[in-house]
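Please read the structure below before turning to the comments.
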Amino acid sequence: MKPHFPFTFMCLICLTQSERTPTIVGITENQIRNLGSTVELSCSVLYSQDFPVMWMKVDRERTSDPLYLSSDSTPLISDSRFSLRYDKSSTTYTLQIRDIQSSDSGIYKCIIFLSQINYISKEMELSVYSPPLIYDNSSSTIVVSESNPVNLECYAGGTPKPLISWKRENDALLPTGGAVYRGNVLKINSVKKDDRGTYYCIADNKVGEVVKKSIALEVEFPPNVMANRQWVQQAVNYDADLECRVEAFPAPTIVWSKDDITLSNNQHYKITPTTPIGQYRDSMLRVIKVGPGQYGTYLCKAVNKLGESTAKIYLQEVDDPVCPPACGSGHYSAGTTLAPTKSTMDKESKAAEMETDVLTKILLEESETFELFYKPSYFNVVELNASEENSTTAKEPQVAVAPVQCKPASDKVFKKDKSAQTLRSQSIMVVKHKFTNTTG
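In terms of this note's numbering, the sequence shown opens at residue -8 and continues consecutively.
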């Protein structure tokens, strides 16, 4: 019986071909590199001489759009930073990338194509250290009504992945408690007006500088009105200022009223708004030359879409004018000062008499001749003429004169402050007068 040699030979050929199936025996492990550095990616294969070997880059966010970098030992891209080297002894294809950029990060595959639809591959990942970058899809201003929940969100990219933390301006306490919160989302379950302000999202991955983004949280809340002074006193025919401060957001409408009548600017009233300070607004109502019918209760009312608030201010009549605003109301000429009324006449008269005695004693000790004029404050306004250097004259009403005589010894002047404030408190004027002869 003859042996079947052809069959045996064919089986040996089949066995040899099956043993020579192309394979990838090794690929470089995952790499992390700094910007501007160089990396080499190696792929070692066996039995691939009859099949194309390729390097391919795949972006994780665009897997359907791969970038073919080389075929066998031939580069397929024009970027001079990429080069390919083939070592026949080890059947290794080495892809070199110089001056690494952030865009070079991704998945790199070494592929042996067996057919149009059949291939074998291995892959590795190249990561490029990059500083953190906060995505700008988070809002820079968030408006929320009081008691509602709100989420402050912040996301960032970079390699390694940045850690996100939150802080408030001036290191104020966060609504969640503490000065720092870590995480992409800062959640406030029930926002309060005290939570308003600037929050900072901070991204850090220890590569490059820390970056941050500010987010302004504006909290809408109903008005709160406070009276600067709840009781205001003023005499008849003098101006009176009533003031209130309003805290609210959004900005409220402020209205003044008395006896259910809304007040406006006219010959009797002047409403002056002031420049807002943050979420505070001040408003002043000036009652011009208060009349008897203008005393009573005034209301300062503030309204916005979330509610309203009212403060009461009481304007009370008194005998003596109150300064301010009476002292600066413009109803008095320059060089005019207010003096006590008759209600304080007795007290000031006695004080003036005591001071007269003291001044008389001083004059006698100085051995000078003066006339001393004693002027009690029996009137409300004294017109002062301050233009004369050595004299102060009261135009009206008439004042009592108390002469004091002594022998002239020198031409010195007894100096005394002649300011309106001093004259008002002391009600004394000393005028130099040198006598040419003695009168009885």
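Glycine residues also receive a C-beta, built at the ideal position from the N, C-alpha and C atoms.
Under DSSP, L306 forms a beta bridge with V223, G287.
Apart from sequence neighbours up to five positions away, the residues of its chain that approach T253 with a beta-carbon distance below 7 Å are V246, ordered along the chain.
In this structure, the beta-carbon distance from V278 to D311 does not fall below 8 Å. When DSSP states are grouped into helix, strand and coil, C318 belongs to the helix group.
Annotated as distal: V44 and D70, with beta-carbon spacing of 8 Å or more.
In the assembly as shown, D251 is an exposed residue. Its beta-carbon has fewer than 16 other beta-carbons within 10 Å. Residue environment analysis places L164 among the exposed positions, since fewer than 16 neighbouring C-beta atoms fall within 10 angstroms of its C-beta.
Counting C-beta pairs closer than 8 Å gives fewer than three between the segment 260 to 270 and the segment 299 to 318, which falls short of the contact rule. If you draw a straight line from the Cα of P66 to the Cα of L75, it comes to about 6 Å. Rounded to whole angstroms, the separation of the alpha carbons of I111 and Y84 is 15 Å. Inclusion of C145 and N175 in the CB contact set at 8 Å is warranted, their separation being smaller than that value.
DSSP, reduced to helix, strand and coil, places D186 within a helical segment of the structure shown.
I304 counts as buried, since no fewer than 16 other beta carbons sit within 10 angstroms of its beta carbon.
Per the coordinates, the alpha-carbon of V30 lies some 8 Å from the alpha-carbon of L86.
Of all alpha-carbon atoms in V171, E160, R220, M217, the one lying nearest the alpha-carbon of A207 is that of E160. In this structure, I103 lies near P13, with their beta-carbon atoms less than 8 Å apart.
Taking each of R72, S96, Y271, P122 in turn and checking the Cα distance to F212, the smallest one comes out for Y271. For P283, the number of other beta carbons within 10 angstroms of its own is below 16, and it is reported as exposed.
Taking a cut-off of 8 Å on C-beta distances, the segment 233 to 246 does not touch the segment 196 to 203, as fewer than three cross pairs fall below it. Taking a 10 Å sphere around the C-beta of G149, we find 16 or more other C-beta atoms and assign the residue as buried. Taken through DSSP and simplified to helix, strand or coil, S35 comes out as strand.
Cβ neighbours of D185 within its own chain (closer than 6 Å, five residues either side excluded): none. Within 10 angstroms of the beta-carbon of I108 lie fewer than 16 other beta-carbons, which makes it exposed.
DSSP links G97 through a beta bridge to L117. Inter-residue distance for M275 and A147 is about 49 Å (C-alpha atoms, whole angstroms). The closest CA to that of D127, considering only K203, L177, L26, K178, is found on K203.
Of the candidates T288, P316, A293, S255, the residue whose Cα lies closest to the Cα of K280 is P316. The bridge partners DSSP lists for E238 are N215, Y271. In the DSSP assignment, the residues bridged to K203 are I193.
A194 is the residue among K152, A194, K183 whose C-alpha sits nearest the C-alpha of Y172.
Annotated three-state conformation of D162 is helix, per DSSP.
CA-to-CA, the gap between C235 and S205 works out to about 33 Å. With respect to S93, L26 sits close: the two C-beta atoms are nearer than 8 Å. Around the beta carbon of K100, a 10 Å sphere encloses 16 or more other beta carbons of the protein chains shown; the residue is thus reported as buried.
Under the three-state reduction of DSSP output, Y172 falls in the strand class. Between V216 and C291 the beta-carbon gap is near 6 Å, inside 8 Å, which marks them as a contact.
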